[in-house]
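J.: From first to last, the protein sequence lines stand for chains S and U.
Take -14 as the starting number for the first sequence in our numbering and just add one per residue.
Take 63 as the starting number for the second sequence in our numbering and just add one per residue.
Glycine included, each C-beta is placed from N, C-alpha and C at the ideal position.
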Amino acid sequence: MALLDVENLAVALPGPRGPLPILHGVSLRVDEGELVGIAGESGCGKSLTAQSLLGLLPPGAKVTGSARFAGTELLGLDARGWQRVRGAGIAMVFQDPTAALHPMLTVGRQLTEHMRVHLRMDRRAANRRAVELLDQVRIPDPERAVRAYPHQFSGGMRQRVAIAIALAARPRLLIADEPTTALDVTVQAGILALLDRLRAETGLAVAFITHDLGVLSSLTTRGYVFYAGRVVETGPTGALLTAPRHPYTAALLGARPHGTQAVGTLRPIPGGPPAPGEAPPGCPFQPRCGYAEPSCGTAPPPLEPVGPDRSAACVVRPHLEVLV
Amino acid sequence: MSTPETLLRIDDVEVEYRARGRGAVRAVAGVSLDVAPGQIVGLVGESGCGKSSLARVAVGLAAPSAGTIRFAGRPVTPLGWRRRADDEVGLQMVFQNPYASLNPRRTIGDQLLDGVPGQLGGAARRGRVADLLDRVGMPATAADRYPHQFSGGQRQRLAIARALAPEPRMIIADEPVTALDASSQAQVVNLLVGLVRELDMGMLFISHDLALVHEIADVTAVMYLGKIVETAPTRELWRAPRHPYTRALIDAVPQISATPTLPKPLAGEVPDPSNAPTGCRFRPRCPHAFDPCGTQPPTVDLGGRSAACWLTDPTVAPATAAAS
Ligand SMILES: Nc1ncnc2c1ncn2[C@@H]1O[C@H](COP(=O)(O)OP(=O)(O)OP(=O)(O)O)[C@@H](O)[C@H]1O
Ligand SMILES: Nc1ncnc2c1ncn2[C@@H]1O[C@H](COP(=O)(O)OP(=O)(O)OP(=O)(O)O)[C@@H](O)[C@H]1O
Ligand code: SF4
Ligand code: SF4
Ligand SMILES: [Mg+2]
Ligand SMILES: [Mg+2]
């Protein structure tokens, strides 16, 4: 069953010459206990999508469409409504753990405050659960860790503490925005394992935002590829990344290091994505696409079914050969 | 003494910091490494293992507490960045954060000219700047703009142009693409590799992205807690790692596959260099640790490659234990 159901989400931010459209009709779904991935180049709107689901958009943002969480419409909630959702429904982990942690408060205080406000726990119960949570995210010696300050932990541990804080109010959906991009592969592997364990043990659903397709493949079961504020391809992650149907997905895969090519021959996608408001009239990927045809220039192609639980937004749908 | 084949020779270098209240931190604990002209040496290792500390002394930004660095046969001495001898500008550095090497208040053109040696007339100077920008795939008009007017990937290319201005023979690049997405990474990395091959420069490429280093480096050195634990031609290192830490790093790289497979986490935390374990520094996290590991293993020549692990010593290693 869909826990989160986003339909046709469009967001425009105030720009120097009027509103700048950033997200153009994004639809996505996260089921209960599901690990879903969101990928795409820098600036494609991944974080903005997350922010609109938590009522964290910058002031003056214009939002249309619908986003239902467990049946409740999120868009247009008032301040109290958002607080309820953020308290016990949806929690977020940010790319930079220092943004989520207060440097002057002990880790225990930051964990229990959340529980006392949102779950109305008393101090003793909250303390007990704080220790449990730190143990769950594999912080060594959790009894001592609750009394420590954020700077006393390493980067990877701080990110795990931030996850513990996000989990404190027992959310059903965790939105993780590039939580491992700044970390080493070894530390990253620990955090991916943690999220997978939480899903298995507590039924937590996770929307994982990343630009690393290897991370997307190893953790998630379904994925969305964003380009210039649109979903251009979606499907089961394995199929999506081993047999892409959209030229952009294929190009992203091609740009990764493969270890199978001659030394020094990474294949970047030529050029860069269009700036907001400067996308061409047709397919937004057209200026960079090696498969473009005249028919690509008329209107942005809609997302259409291309297989079991798979869709792609491309009118040409070329036969794609990808080295994975 | 350096052979003609060696451009940069790092010999038994140590870097020590005296932190208030913590005593001495030995961030680099005896490292030797050579780079030849036209060669790319990759240096990988977890956050905090001492990569940047080594880079800073190798390029002459700081003095080592022990050991020597020779560039083109002459000792590198830290004289302050601005007052370096003419032959030392042949050794340049590209930093992780392009803001560290680009001044936000000055135009790109002015900053590129700082590095151009000798006195050139107005037209020749402008021509030189245009050449440098062309080298890194940027239009000549970029000269009149300021760093904030460029994207992260473009800024990193400008920082590379800045490093190329004095026509260096060797570049030390410290995590030059860590902050970029895969496509921008591929653009910048191809640029660097192309320049090394074309101009027969040497390059020390520092990164914690093993997949990327695998793609471009001729030789890879793996660093753990201030020491190099394994050095080998890149393909061989990847195919048959001889040190358990190298194996752990490779296993932690997320792979793309048709079914989600989580990368293997490495047990334990990155230790604090001010409190390094005795004996083999990897021992507390090593799945193969055995009796001899209480003594620091020597770096052993294994025929074209080397490693510092007791498992490679047939006289002490148990027959069943193997790193790979
Ligand atoms: N507060 C803001 N005001 C104006 N524009 C913004 C704001 N926040 C984001 N944008 C723009 O919206 C677009 C989408 O940004 P977003 O942060 O969602 O990208 P992203 O996909 O998360 O990228 P990254 O991978 O770099 O984090 C970008 O073009 C960005 O410049
Ligand atoms: N100026 C300093 N004073 C005291 N300690 C320092 C200083 N600079 C670095 N260190 C310590 O030295 C060790 C090595 O740091 P270094 O920056 O060289 O690591 P690194 O391998 O480059 O890590 P990263 O991948 O995070 O950049 C770390 O433990 C760090 O805390
Ligand atoms: S619609 Fe045309 S331009 Fe767009 S991705 Fe498909 S082939 Fe390329
Ligand atoms: S020397 Fe011992 S502890 Fe160190 S890496 Fe080798 S087996 Fe592991
Ligand atoms: Mg983002
Ligand atoms: Mg560093």
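Could you check which residue in U:Val191, U:Arg231, U:Gln158 and U:Ala185 has the C-alpha nearest to that of Gln173 (chain U)?
T.: The count along the second sequence starts at 1 and reaches residue 173 (chain U) at position 111. Of U:Val191, U:Arg231, U:Gln158 and U:Ala185, the residue nearest in Cα terms is U:Val191.
J.: Measure the alpha-carbon distance for Pro403 (chain U) versus Leu373 (chain U) and round it to whole angstroms.
T.: Here chain U covers residues 63 to 386 and nothing more, so residue 403 (chain U) does not appear.
J.: Are there three or more Cβ pairs, one per stretch, closer than 8 Å when the stretch 66 to 75 of chain U is compared with the stretch 117 to 134 of chain U?
T.: yes
J.: Our contact map puts Ser127 (chain U) next to Glu76 (chain U) with C-beta atoms below 8 Å; I'd like the distance itself, whole angstroms only.
T.: By one-based count along the second sequence, residue 127 (chain U) stands at place 65. By one-based count along the second sequence, residue 76 (chain U) stands at place 14. 5 Å between Cβ atoms; contact.
J.: Is Glu26 (chain S) near ligand 5, with its Cβ less than 7 Å from a heavy atom?
T.: As a first step, residue 26 (chain S) must be located in the first sequence, where it is residue number 41. Not so, every heavy atom of ligand 5 lies at least 7 Å from the Cβ.
J.: Going along the chain, which residues of the stretch 230 to 257 of chain U sit with their C-beta nearer than 8 Å to a C-beta in chain S?
T.: Cβ contacts with chain S come from Leu242, Asp243, Ala244, Ser245, Ser246, Gln247, Ala248, Gln249, Val251, Asn252, Val255 and Gly256.
J.: Using a beta-carbon distance cut-off of less than 8 Å, what residues from the stretch 257 to 271 of chain U approach chain S?
T.: Arg259, His270 and Asp271
J.: Which residue from S:Thr91, S:Ala111, S:His9 and S:Arg105 puts its Cα closest to that of Thr97 (chain S)?
T.: Here residue 97 (chain S) corresponds to residue number 112 of the first sequence, with the count starting at 1. Ranking S:Thr91, S:Ala111, S:His9 and S:Arg105 by Cα distance to Thr97 (chain S) puts S:Ala111 first.
J.: Comparing alpha-carbon positions, which option in U:Arg224, U:Phe267 and U:Val362 lies nearest Glu237 (chain U)?
T.: The residue given as residue 237 (chain U) occupies position 175 in the second sequence. Nearest C-alpha to Glu237 (chain U): U:Phe267.
J.: According to the Cβ coordinates, are Val74 (chain S) and Leu158 (chain S) closer than 8 Å?
T.: Working through the first sequence from its first residue, we reach residue 74 (chain S) at position 89. Working through the first sequence from its first residue, we reach residue 158 (chain S) at position 173. Residue 74 (chain S) is actually Gly in this sequence, not Val. Yes; because the gap between Cβ atoms is below 8 Å, this pair is in contact.
J.: Would you mind giving the Cβ-Cβ distance between Arg367 (chain U) and Thr293 (chain U), rounded to the nearest angstrom? I have them listed as a contact below 8 Å.
T.: Here residue 367 (chain U) refers to the residue found at position 305 when the second sequence is read from its first residue. Here residue 293 (chain U) refers to the residue found at position 231 when the second sequence is read from its first residue. Indeed, because the Cβ distance is near 6 Å, the residues count as touching under 8 Å.
J.: How about Val106 (chain U) and Met285 (chain U): do their beta carbons lie closer than 8 Å?
T.: Counted from its first residue, the second sequence places residue 106 (chain U) at position 44. Counted from its first residue, the second sequence places residue 285 (chain U) at position 223. Yes, the Cβ-Cβ distance between Val106 (chain U) and Met285 (chain U) is below 8 Å.
J.: Starting from Gln36 (chain S), follow the beta strand (DSSP E) in both directions and report where the run begins and ends.
T.: Taking the first sequence and counting its residues from 1, one reaches residue 36 (chain S) at position 51. Per DSSP, Gln36 (chain S) belongs to no beta strand (DSSP E); it is in the alpha helix (DSSP H), Lys31 to Leu38.
J.: Go ahead and label Glu19 (chain S) buried or exposed: buried means 16 or more other beta carbons lie within 10 angstroms of its beta carbon, across all protein chains shown.
T.: To locate residue 19 (chain S), count along the first sequence from 1; it is residue 34. Counting Cβ neighbours within 10 Å, Glu19 (chain S) comes out buried, since at least 16 surround it.
J.: Can a CB atom of chain U be found closer than 8 Å to the CB of Ile254 (chain S)?
T.: One-based indexing of the first sequence puts residue 254 (chain S) at position 269. Chain U, which has a Cβ nearer than 8 Å to the Cβ of Ile254 (chain S), makes this yes.
J.: Only counting the same chain, and skipping five residues up and downstream in sequence, which positions put a Cβ closer than 8 Å to that of Ile312 (chain U)?
T.: Within the second sequence, the letter at position 250 stands for residue 312 (chain U). Once the five neighbours on either side are set aside, the close Cβ partners of Ile312 (chain U) are Leu272, Trp300 and Pro303.
J.: Are the beta-carbon atoms belonging to Arg252 (chain S) and Ala279 (chain U) less than 8 Å from one another?
T.: To locate residue 252 (chain S), count along the first sequence from 1; it is residue 267. To locate residue 279 (chain U), count along the second sequence from 1; it is residue 217. Cβ atoms of Arg252 (chain S) and Ala279 (chain U): not closer than 8 Å.
J.: Between Arg345 (chain U) and ligand 4, is there a pair consisting of the residue's CB and a ligand heavy atom that are separated by less than 7 Å?
T.: Here residue 345 (chain U) refers to the residue found at position 283 of the second sequence. Yes, the beta carbon of Arg345 (chain U) sits closer than 7 Å to at least one heavy atom of ligand 4.
J.: Taking the DSSP output, what are the residues bridged to Leu95 (chain U)?
T.: Here the question's residue 95 (chain U) lines up with position 33 in the second sequence. Paired residue(s): U:Ile72.
J.: For Val(-9) (chain S), count neighbouring C-beta atoms within 10 Å of its own C-beta (all shown protein chains included) and say buried if the count is 16 or more, exposed if not.
T.: If you number the first sequence from 1, residue -9 (chain S) lands on position 6. Burial call: buried.
J.: Please work out which residues of its chain come closer than 6 Å, Cβ to Cβ, to Ala277 (chain S), disregarding the five sequence neighbours upstream and downstream, and give them in chain order.
T.: Within the first sequence, residue 277 (chain S) is the residue found at index 292, counting from 1. Leaving aside the five residues that flank Ala277 (chain S) on each side, the residues in its chain whose CB is nearer than 6 Å to its CB run, in chain order, Gln271.
J.: For Glu67 (chain U), does the three-state DSSP call read helix, strand or coil?
T.: If you number the second sequence from 1, residue 67 (chain U) lands on position 5. Glu67 (chain U) falls in the coil class under three-state DSSP.
J.: Quick one, which of U:Ile318, U:Gln218 and U:Gly85 has its alpha-carbon nearest Phe157 (chain U)'s?
T.: As a position in the second sequence, residue 157 (chain U) is number 95, starting the count at 1. Considering only alpha carbons, the answer is U:Gln218.
J.: Can you check which of these residues, S:Glu306, S:Pro293 and S:Pro269, is closest to Cys299 (chain S) by C-alpha distance?
T.: Counted from its first residue, the first sequence places residue 299 (chain S) at position 314. It is S:Pro269 whose Cα lies nearest to the Cα of Cys299 (chain S).
J.: In chain order, what residues place their C-beta within less than 7 Å of a heavy atom belonging to ligand 5?
T.: Answer in sequence order: S:Lys31, S:Ser32, S:Gln80, S:Asp162, S:Glu163 and S:Ile194.
J.: In terms of DSSP beta bridges, what is Thr57 (chain S) paired with?
T.: As a working note, residue 57 (chain S) is residue 72 in the first sequence. Beta-bridge analysis with DSSP links Thr57 (chain S) to S:Phe54.
J.: Less than 8 Å between CB atoms is the rule here; does Leu274 (chain U) satisfy it with respect to chain S?
T.: Taking the second sequence and counting its residues from 1, the one referred to as residue 274 (chain U) is at position 212. At a cut-off of 8 Å between beta carbons, Leu274 (chain U) contacts chain S.
J.: Shorter than 8 Å from the beta carbon of Leu226 (chain S) to some beta carbon of chain U?
T.: Reading the first sequence from its first residue, position 241 is the one you call residue 226 (chain S). Answer yes: the Cβ-Cβ gap between Leu226 (chain S) and chain U drops below 8 Å somewhere.
J.: Spatial neighbours of Pro255 (chain S) within its chain, please: C-beta separation below 6 Å, excluding the five flanking residues on both sides.
T.: Reading the first sequence from its first residue, position 270 is the one you call residue 255 (chain S). So the qualifying residues of the chain are Arg273.
J.: Could you give the distance in angstroms between the alpha-carbon of Ile194 (chain S) and the alpha-carbon of Arg207 (chain U)?
T.: Here residue 194 (chain S) is taken as the residue at index 209 of the first sequence, counted from 1. Here residue 207 (chain U) is taken as the residue at index 145 of the second sequence, counted from 1. Cα-Cα distance, rounded: 33 Å.
J.: What do you get for Gly239 (chain S), buried or exposed, if any count of 16 or more other CB atoms within 10 angstroms of its CB means buried?
T.: As a first step, residue 239 (chain S) must be located in the first sequence, where it is residue number 254. By the 10 Å Cβ count, Gly239 (chain S) comes out buried.
J.: Return yes when the Cβ of Ala369 (chain U) is within less than 8 Å of the Cβ of His270 (chain U), no when it is not.
T.: For this step, residue 270 (chain U) is matched to residue 208 along the second sequence. For this step, residue 369 (chain U) is matched to residue 307 along the second sequence. Contact: no.
J.: Under DSSP, the beta strand (DSSP E) around Tyr208 (chain U) begins and ends at which residues?
T.: Within the second sequence, the letter at position 146 stands for residue 208 (chain U). It is not in any beta strand (DSSP E) - Tyr208 (chain U) carries neither H nor E in the DSSP assignment.
J.: Suppose you measure from the CA of His350 (chain U) to the CA of Pro325 (chain U); what does that come to, to the nearest Å?
T.: Along the second sequence, read from residue 1 onward, the residue named residue 350 (chain U) stands at position 288. Along the second sequence, read from residue 1 onward, the residue named residue 325 (chain U) stands at position 263. Cα to Cα, the separation comes out at about 19 Å.
J.: Could you name the residues of chain S that Ser319 (chain U) contacts, counting a contact when the two beta carbons are closer than 9 Å?
T.: Position 257 of the second sequence, counted from the start, is the residue given in the question as residue 319 (chain U). Ser202, Ser203, Gly223, Leu226, Thr227 and Val309, listed in chain order.
J.: With 16 as the cutoff for other CB atoms within 10 Å, does Thr203 (chain U) come out buried or exposed?
T.: As a first step, residue 203 (chain U) is located in the second sequence; it is residue number 141 there, counting from the start. Answer is exposed; the Cβ neighbour count stays below 16.
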